[in-house]
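Here is the structure we will look at.
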Amino acid sequence: MPDLNQTGERRSYPRLILDGQTTTEELAEAIAAATTFGAGEVKGLLGALAERLAVEMRRGKSVKIDGIGTFTAALSLREGFEPETPEAAVRRNARSIGVKGISFRPDKALVSATGQGLSLERVSGKPRASSARYTPGERAAMALAFLDERPVLRVADYCRLTGLLPTRAREELRRLAADPQSGLAADGAGPHRVYVKRRATGGGEGRP
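Per our numbering, the very first residue in the sequence shown carries number 20; after that it's consecutive.
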């Protein structure tokens with residue numbers, strides 16, 4: 020932190036550098052792999068949970084989920100309305116107020132579980148960014164060329180080929196696999212997912 024008080028001392032505070040973002044699909048697949056539920060069922064339950072959270076908070080309630088935390092709606096003036104003044108020169112009615120966000124207070128159990136087994140290391144310099152050396156089209160061509168010589172392409176392989184960081188590489192491979200014209204298809208699920216050449220006929224995913 021900068022020396023705002025001009026004391027001649029600067030203090031350092033720890034800050035977590037995020038390594039990407041886990042998507043709903045990835046979360047559902049990971050839960051499905053550890054339970055008897057299918058990934059589709061998990062995604063449906065997560066969607067139902069989000070809808071119910073909104074309903075309960077609209078009713079003026081906070082929602083506590085054991086092991087996760089407590090959700091509470093936060094209010095603010097709607098855009099275009101001025102704040103109410105103490106002298107009552109400007110008074111606001113309920114129509115001028117809306118939900119500006121959701122406050123979340125994590126359960127102590129979630130905080131504790133997150134910290135268990137956590138391994139941290141000091142990072143010097145700025146966080147790495149994905150390489151912009153190749154265009155998306157060039158990266159897709161590199162993936163297909165890789166699969167001309169090998170049966171499967173893993174995210175780590177794509178990272179080495181293109182210079183992308185894991186999260187960006189994973190997202191790009193997922194988009195390519197969803198495009199029937201890309202020539203790539205996904206095989207497997209969760210941490211075991213790999214990418215293969217799409218079959219010339221049949222239009223489905225799978226190994227050639």
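A virtual CB, placed ideally from N, CA and C, is assigned to each residue, including glycine.
Residues of its chain near residue i, where Cβ-Cβ distance is below 7 angstroms and the 5 sequence neighbours each way are ignored
i: R71; result: none
i: A128; result: G86
i: G209; result: E48, A49, A52
i: E75; result: V82
i: F165; result: L172, D176, L180
Element boundaries [alpha helix (DSSP H), containing residue i]
i: S131; result: 127-134
i: Y177; result: 174-181
i: R189; result: 185-197
i: L166; result: 155-168
i: I50; result: 43-53
Collapsed DSSP secondary structure at residue i in the structure displayed
i: I87; result: coil
i: S31; result: coil
i: R124; result: strand
i: K80; result: coil
i: V142; result: coil
i: S150; result: coil
Outcome for residue i when other beta-carbon atoms lying within 10 angstroms are tallied against a minimum of 16
i: T54; result: exposed
i: A151; result: exposed
i: L94; result: exposed
i: Y177; result: buried
i: K4; result: What the structure shows of the chain is the stretch from 20 to 227, and residue 4 is not part of that stretch, so it cannot be assessed.
i: Y214; result: buried
i: E168; result: exposed
i: R124; result: exposed
i: T181; result: buried
i: R158; result: buried
Close-in-space but distant-in-sequence residues of the same chain around residue i (CB under 8 angstroms, 5 per side omitted)
i: V142; result: I36
Close beta carbons around residue i, own chain, < 6 angstroms, minus the five adjacent residues each side
i: T91; result: S81, S122
First through last residue of the beta strand (DSSP E) which encompasses residue i
i: A16; result: Because the chain spans 20 through 227 in this model, residue 16 falls outside it and cannot be assessed.
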